[in-house]
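So the structure is just underneath, and the comments pick up after that.
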Amino acid sequence: MELLQILECSPPLAREPLAAEQAAGVARVFKALGDPVRLRILSIVASREGGEVCVCDITDAFELSQPTISHHLKVLKDVGLLTSERRASWVYYRLVPETLGELSALLTVPATV
1 MELLQILECS PPLAREPLAA EQAAGVARVF KALGDPVRLR ILSIVASREG
51 GEVCVCDITD AFELSQPTIS HHLKVLKDVG LLTSERRASW VYYRLVPETL
101 GELSALLTVP ATV
């Protein structure tokens, strides 16, 4: 089952417990976000005007090698947080708002909890 399907089927944590498959899928996303570099990459993409960033701009923001940045971008794509589009020799990255929305909904806690 794809991550977005898992998230769409997952109730808010405060309403009922997650099934094992749901928990494993959601944990993959949180594990990806648990790395400071990946969290910064997500922040760079999310805060960019126009909603997309060239890989060249992402690489320039870090003192890491291009292969390391590519690895982090792949992890974020694999868990469904980013999508990419190749244009000529550059790749542009965008957030997947549905995934972030589902994560947000999953973590929503009613005021009475």
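At position 51 of the sequence shown (counting the first as 1) the number is 51 in UniProt numbering, and the numbers step up by one without a gap.
Glycine residues also receive a C-beta, built at the ideal position from the N, C-alpha and C atoms.
In this text, all values refer to a predicted model and were calculated from it rather than measured experimentally.
Length of the line joining the Cα atoms of Gly-34 and Ala-46: Residue mapping note: residue 34 aligns to position 34 of the sequence shown, counting from 1. Residue mapping note: residue 46 aligns to position 46 of the sequence shown, counting from 1. For Gly-34 and Ala-46, the distance between alpha carbons rounds to 17 Å.
Contact set for Trp-90: own chain, Cβ-Cβ below 7 Å, skip 5 residues either direction: Counting from 1 along the sequence shown, the entry for residue 90 is found at position 90. Excluding residues within five positions, the ones whose Cβ falls inside 7 Å are Cys-54, Val-55, Cys-56.
Simplified DSSP assignment, three categories, for Thr-59: Taking the sequence shown and counting its residues from 1, one reaches residue 59 at position 59. Three-state result, Thr-59: helix.
Arg-87: first and last residue of the uninterrupted beta strand (DSSP E) it sits in: Sequence index remark: in the sequence shown, residue 87 carries index 87 (1-based). 82-87 is the span of the beta strand (DSSP E), which, as asked, contains Arg-87.
C-beta contact flag for Gly-101 and Val-29 at 9 Å: Start at 1 with the first residue of the sequence shown, and residue 101 comes out as number 101. Start at 1 with the first residue of the sequence shown, and residue 29 comes out as number 29. No.
Arg-86 burial status per 10 Å Cβ neighbour count (16 or more: buried): Taking the sequence shown and counting its residues from 1, one reaches residue 86 at position 86. Exposed: under 16 other Cβ atoms inside 10 Å.
Glu-21 in three-state terms, based on DSSP: Translated into positions along the sequence shown, residue 21 becomes position 21. Helix.
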